[in-house]
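Student: Numbering (the numbering used here), first residue to last: 2 to 360.
From the three backbone atoms N, C-alpha and C, an ideal C-beta is built for every residue, glycine too.
Just so you know, these numbers come straight off a predicted model, no measurement behind them.
Quick one: the structure is below, questions incoming.
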């Protein structure tokens, strides 16, 4: 006959807390590898900007025309110009939602007990958050990453919806959030991004980076923005080589060659793992560096939401609760979310460096 025993119970709430804590720790640790989140945090602080309540789109206005013509009142009897134009156009971004779920079934629950079960939960949590973290960074920086197609991207070389293009300012044509850059490229400097082409000869053409920063300064001085830079590993190595060649004439406290962190013209640069160099265009026309103005281009994250028994985790790589998959399986699942988008309000305050991976 079967014996009566007391089956030990697994505290699902405790497992949830373990998973959430592990997810937060992983988010903070992984962000350093791809520099884009570290760059935004350095420019904007650690408090994430939240998606506006009650809206399915994040909308920015960009001014592209002058409202009216000025009148010179020479005699005092002149009239104001009666003509008037709408000064701005909208750029709209929808709420993007991406997610994964950690799953544990009957076999795992029978095998793992106590501390070993907690360790397994930590492993699953850190792995799932890493998937979301890397996918979001890949999408934003390189227009790649599975499951993140609704998020915006910097890469306008491989994507016609990307923010930053390789063409000269007056020749850019991408459509971003319903805003056609080509319509205003010739008349509105802020409607197109700055560009520096190093033509696969970094040492010879690095002065083009200064020219790009001048294009940015024309639209918005560095002191007025919260700018940061992203760079590929090859660009970083070339930059170090270039700077070391001139440091024999530099002041001792200004020598940069041995520093881990690069600051150029007051802009802090971060090494980013996912700088695009293998896309349809970037395979031969690589993006070596971005200069991002975080006042005009910034991530916004959807907050956590609960509707009855359903919980939607925080969009900033948040973790939800362990819950049954359905009544017929001994399976629990824990959802992880990445939700929000990266709106842009002005293109001319940012720039891109291309073909700078070869010295």
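Figure out for me which residue from 165, 214, 323 and 179 has the closest Cα to the Cα of residue 288.
Tutor: Counting from 1 along the chain shown, the entry for residue 288 is found at position 287. Among 165, 214, 323 and 179, the Cα nearest to that of residue 288 belongs to 165.
Student: Would you identify the three-state DSSP class for residue 59, choosing helix, strand or coil?
Tutor: The sequence position of residue 59 within the chain shown is 58, counting from 1. Residue state, collapsed to three classes: strand.
Student: Secondary structure at residue 325, three-state DSSP: helix, strand or coil?
Tutor: One-based indexing of the chain shown puts residue 325 at position 324. Reduced to three states, the DSSP call for residue 325 is strand.
Student: Under three-state DSSP, which class holds residue 52?
Tutor: Stepping through the chain shown from its first residue, residue 52 is reached at position 51. The answer is coil: DSSP assigns residue 52 none of H, G, I, E or B.
Student: Considering only residues of the region 304-360, which uninterrupted beta strand (DSSP E) runs meet the minimum length of 3 residues and lie entirely inside it, listed in chain order?
Tutor: DSSP runs (the beta strand (DSSP E)) wholly in the region 304-360: 306-308, 311-313, 333-342 and 352-355.
Student: Can you tell me whether DSSP reads residue 156 as helix, strand or coil?
Tutor: Start at 1 with the first residue of the chain shown, and residue 156 comes out as number 155. Strand, per DSSP.
Student: What first and last residue would you give for the alpha helix (DSSP H) that runs through residue 276?
Tutor: Taking the chain shown and counting its residues from 1, the one referred to as residue 276 is at position 275. First-last for residue 276: undefined, no H or E at that position.
Student: Report the three-state DSSP secondary structure of residue 41 (helix, strand or coil).
Tutor: By 1-based counting over the chain shown, the position of residue 41 is 40. Residue 41 falls in the helix class under three-state DSSP.
Student: For residue 179, which of 68, 354 and 345 has the nearest alpha-carbon?
Tutor: Taking the first residue of the chain shown as position 1, residue 179 is located at position 178. Here the closest residue by C-alpha is 345.
Student: Quick check on DSSP: helix, strand or coil for residue 218?
Tutor: One-based indexing of the chain shown puts residue 218 at position 217. Three-state DSSP puts residue 218 in a helix.
Student: So, at 6 Å on beta carbons, what are the nonlocal neighbours of residue 79 in its own chain, with the 5 sequence-adjacent residues on each side left out?
Tutor: Here residue 79 refers to the residue found at position 78 of the chain shown. So the list reads 72, once near-sequence residues are dropped.
Student: Hey, would you say residue 273 sits closer than 8 Å to residue 227, going by beta carbons?
Tutor: In the chain shown, residue 273 corresponds to position 272, counting from 1. In the chain shown, residue 227 corresponds to position 226, counting from 1. No, the pair does not count as a contact, with Cβ atoms beyond the cut-off.
Student: Please classify residue 182: is it buried, with 16 or more other beta-carbons within 10 angstroms of its beta-carbon, or exposed?
Tutor: As a working note, residue 182 is residue 181 in the chain shown. By the neighbour-count rule (16 or more Cβ atoms within 10 Å), residue 182 is buried.
Student: Have a look at residue 224 and residue 163 and give me their C-alpha separation to the nearest angstrom.
Tutor: Position 223 of the chain shown holds residue 224. Position 162 of the chain shown holds residue 163. The alpha-carbon atoms of residue 224 and residue 163 are separated by roughly 26 Å.
Student: Just curious, the beta strand (DSSP E) that residue 231 is in, first and last residue?
Tutor: Walking along the chain shown from the start, residue 231 turns up at place 230. Taken as a continuous stretch (DSSP letters only), the beta strand (DSSP E) holding residue 231 covers 228-232.
Student: For residue 302, tell me which candidate among 17, 66 and 56 has the shortest Cα-Cα distance.
Tutor: If you number the chain shown from 1, residue 302 lands on position 301. When each option's Cα is compared against that of residue 302, the closest is 56.
Student: Let's see if you can read the secondary structure: which residues bound the beta strand (DSSP E) around residue 289?
Tutor: Taking the first residue of the chain shown as 1, we reach residue 289 at position 288. Residues 288-294.
Student: Closer than 8 Å by C-beta to residue 327: which residues in its own chain qualify, once you throw out the five before and the five after it? Chain order, please.
Tutor: As a first step, residue 327 is located in the chain shown; it is residue number 326 there, counting from the start. Closer than 8 Å at Cβ, skipping near neighbours: no residue.
Student: Assuming residue 121 is part of the alpha helix (DSSP H), what are its boundary residues?
Tutor: Mapped onto the chain shown, residue 121 falls at position 120. First-last of the alpha helix (DSSP H) with residue 121: 115-143.
Student: Is it buried or exposed for residue 199, if we count other Cβ within 10 angstroms and need 16 for buried?
Tutor: For the purposes of this step, residue 199 is identified with residue 198 of the chain shown, where counting begins at 1. It is buried - the Cβ of residue 199 has at least 16 other Cβ atoms within 10 Å.
Student: Excluding the 5 residues flanking residue 152 on each side, which residues of the same chain have their C-beta closer than 7 Å to its C-beta?
Tutor: Looking up residue 152 in the chain shown gives position 151. Within the same chain, residue 152 has close Cβ partners 97, 137, 140, 141, 342 and 343.
Student: Counting only the same chain and skipping the five closest in sequence on each side, list residues whose C-beta sits under 8 Å from that of residue 149.
Tutor: Locating residue 149 in the chain shown gives position 148, counting from the first residue. 97, 99, 136, 137, 139, 140 and 339, listed in sequence order.
Student: Looking only at its own chain, which residues have a Cβ that is under 6 Å from the Cβ of residue 203, when we skip the five neighbours before and after it?
Tutor: Numbered from its first residue, the chain shown carries residue 203 at position 202. 239, 357 and 360.
Student: Quick check: what's the CA-CA separation for residue 49 versus residue 300?
Tutor: Mapped onto the chain shown, residue 49 falls at position 48. Mapped onto the chain shown, residue 300 falls at position 299. Going by the C-alpha atoms only, they are around 8 Å apart.
Student: In terms of DSSP beta bridges, what is residue 271 paired with?
Tutor: For the purposes of this step, residue 271 is identified with residue 270 of the chain shown, where counting begins at 1. Its beta-bridge partners are 231.
Student: Any idea what DSSP makes of residue 208, helix, strand or coil?
Tutor: To locate residue 208, count along the chain shown from 1; it is residue 207. In the structure shown, residue 208 sits in a helix (DSSP, three-state: H, G or I).
Student: From 172, 68 and 353, pick the residue whose C-alpha is nearest to that of residue 83; which is it?
Tutor: As a first step, residue 83 is located in the chain shown; it is residue number 82 there, counting from the start. The option with the nearest alpha carbon to residue 83 is 68.
Student: According to DSSP, is residue 176 part of a helix, a strand, or is it coil?
Tutor: Along the chain shown, one-based indexing puts residue 176 at 175. Strand, per DSSP.
Student: Return helix, strand or coil for residue 183, following the three-state DSSP convention.
Tutor: Along the chain shown, one-based indexing puts residue 183 at 182. Helix at residue 183.
Student: Could you give the C-beta distance for residue 1 and residue 229, rounded to a whole number, given that I count them as a contact under 8 Å?
Tutor: The displayed coordinates of the chain run from 2 to 360. Any statement about residue 1 would go beyond what the structure contains.
Student: Quick one: give me the first and last residue of the alpha helix (DSSP H) that residue 79 is part of.
Tutor: Looking up residue 79 in the chain shown gives position 78. No alpha helix (DSSP H) contains residue 79, which DSSP labels as neither H nor E.
Student: Taking just the CA atoms, how far does residue 51 sit from residue 170?
Tutor: Here residue 170 refers to the residue found at position 169 when the chain shown is read from its first residue. Here residue 51 refers to the residue found at position 50 when the chain shown is read from its first residue. Spanning the two alpha carbons is a distance of roughly 32 Å.
Student: Would a check of beta-carbon distances place residue 171 closer than 8 Å to chain D?
Tutor: The question asks about chain D, but that chain is absent: this structure has only one protein chain.
Student: If I follow the unbroken beta strand (DSSP E) through residue 91, where does it start and stop?
Tutor: Residue numbering aside, residue 91 sits at position 90 when the chain shown is read from its first letter. 89-95 is the extent of the beta strand (DSSP E) around residue 91.
Student: Note down the Cα distance separating residue 321 from residue 211, rounded to an integer number of angstroms.
Tutor: Here residue 321 refers to the residue found at position 320 of the chain shown. Here residue 211 refers to the residue found at position 210 of the chain shown. Approximately 47 Å between the Cα atoms of the pair.
Student: In the DSSP assignment, what residue or residues form a beta bridge with residue 263?
Tutor: Here residue 263 refers to the residue found at position 262 when the chain shown is read from its first residue. Answer is 270, bridged to residue 263.
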